[in-house]
Each structure stands twice: as structure tokens, then as C-alpha cells.
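Engineer: According to the UniProt record's numbering, the sequence shown is numbered sequentially starting from 1.
Take this structure, written in C-alpha cells, and hold onto it; I'll ask about it next.
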Amino acid sequence: MTTMASPTSPAAAAPDFELRSAERVPESYAWPGLDDCPSVESAAGRDAVPVVDLLGDDPVAAVARAAEEWGAFLLVGHGVPAHVAARLEEQVARLFALPAPDKARAGRRPGETSGYGRPPLEQQFSRLMWSEAYSFPAADARGEFRRVWPDGGGDYLRFWYVVTCAALLTSRVICMSRSSC
């Protein structure tokens, strides 16, 4: 088990900090006044996360509105069948469950937007987010995933296949919605 660094030490903010094995929340992750934030119950009658239909009338405006009002949304009409979405979720869970050193091989480099690490949005806040992120350009998905699985074995192939299938299906729906395919 990883030993916990002092909440004020740089190690507490290191990319290989094991979120899942922490026994307590370091101070750098504690957000004061969290109870003052809007919740589902207090959202002035809006009792569910907004649903954005990619095939709806104006999905771009719907995403913008949901992001401004909620900061999140449920995307439907994306063309990814439920069984593919379930496999994608399973593979993503497996990726983030890997030991920190394995994920760190794909660490986001300074000045770059792709790779494993903390959400880039976190830089705008005084506290750290209890989350991990992995951003990658679709055009280089194969190379990006080889950073996590350098041997290119079965885990790599399963992850790449599922992510690629979901991306292709989503791209097809977007293209069809624009009537340009």
C-alpha cells in the first residue's frame, strides 16, 4: 500500500498519488463550503441531470446550457449500442484501476493536453479534484494506449478495440446528424 504523504507536501499532489488506497482525504483535496453547492434537491425544480440528445434539434446549445447550469449532462442519441457502452465502461474502469506506475507511463507531459493525469480543469481551482483523467487524440489512440500497455498484449488490444468501436459509432451519428456523409 502506498504511504500517504503529508497534505502539504508536493507528493500529495503527485500524479501517482493512489486515490483508491487513501485512508483519509488530504487537505489539498478538501473543498470548504461544499455543502453550499447546489444539489439535485435544491435545483429549483430541476430534479434530474439534463439529457442531451445528439440527434435533437440543437445539441450544441443543449450541451452549452447543461454545462452552464449543471456542469454535467447525460448524452443520448450517440449511436453507441448499450452493449458497446457497457464494454467501454468496463474497459475504462480497468484502465483507472491499474497501479499508479502503470498509468504514469502515459503521464501528461508539461504543456500537452493528452495523456494520463489530473483533469486539466483542475488548474483553475485552489483545491485538487478527487479524480483522474486520460485525454487522447482520436487520431493517435493506438500510440497513446501503447504508453499504458507497451507490450501491446491482450489488455491493450481489448481496450483499443472497444474505444475505437465506440468512437466510430459516435462519429457516424455525428456525421449523419450533419447530413454530410
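Ideal placement from N, C-alpha and C gives every residue a C-beta, glycine not left out.
Please classify glutamate 68: is it buried, with 16 or more other beta-carbons within 10 angstroms of its beta-carbon, or exposed?
Structural biologist: Working through the sequence shown from its first residue, we reach residue 68 at position 68. That one is exposed.
Engineer: Helix, strand or coil for valine 92? Go by DSSP, reduced to three states.
Structural biologist: In the sequence shown, the residue the question calls residue 92 occupies position 92. Valine 92: helix per DSSP, three-state reduction.
Engineer: Should tyrosine 161 go down as buried or exposed, given a rule of 16 or more other Cβ atoms within 10 Å for buried?
Structural biologist: Taking the first residue of the sequence shown as position 1, residue 161 is located at position 161. Tyrosine 161 should be labelled exposed.
Engineer: CA-CA distance, alanine 14 and phenylalanine 96?
Structural biologist: The residue labelled residue 14 in the question sits at position 14 within the sequence shown. The residue labelled residue 96 in the question sits at position 96 within the sequence shown. In this prediction, alanine 14 has a pLDDT of 45, which is less than 50 and means its spatial position is unreliable; nothing more can be read from the coordinates.
Engineer: To which residues of the same chain is glutamate 89 closer than 6 Å at the C-beta, ignoring the five residues directly before and after it?
Structural biologist: The residue labelled residue 89 in the question sits at position 89 within the sequence shown. No residues qualify anywhere along the chain.
Engineer: Quick one: what does DSSP say alanine 48 is sitting in, helix, strand or coil?
Structural biologist: Taking the first residue of the sequence shown as 1, we reach residue 48 at position 48. It is coil, neither helix nor strand.
Engineer: Can you check which of these residues, Tyr116, Gly111 and Ala86, is closest to leucine 98 by C-alpha distance?
Structural biologist: Looking up residue 98 in the sequence shown gives position 98. Out of Tyr116, Gly111 and Ala86, Tyr116 has the C-alpha closest to the C-alpha of leucine 98.
Engineer: Within a Cβ cutoff of 8 Å, which residues of the same chain sit near arginine 142, ignoring the five residues on either side of it in sequence?
Structural biologist: Against the sequence shown, residue 142 aligns to sequence position 142. Contacts found: Trp160.
Engineer: Excluding sequence positions up to five away, which residues of its chain have a Cβ less than 8 Å from the Cβ of valine 84?
Structural biologist: Here residue 84 refers to the residue found at position 84 when the sequence shown is read from its first residue. So the qualifying residues of the chain are Val162, Cys165, Ala166 and Leu169.
Engineer: Taking the alpha-carbon positions, what's the serine 9 to alanine 93 distance?
Structural biologist: Position 9 of the sequence shown holds residue 9. Position 93 of the sequence shown holds residue 93. Unreliable positioning characterises serine 9 in this predicted model, as indicated by a pLDDT of 30, which lies under 50. A coordinate reading is not provided.
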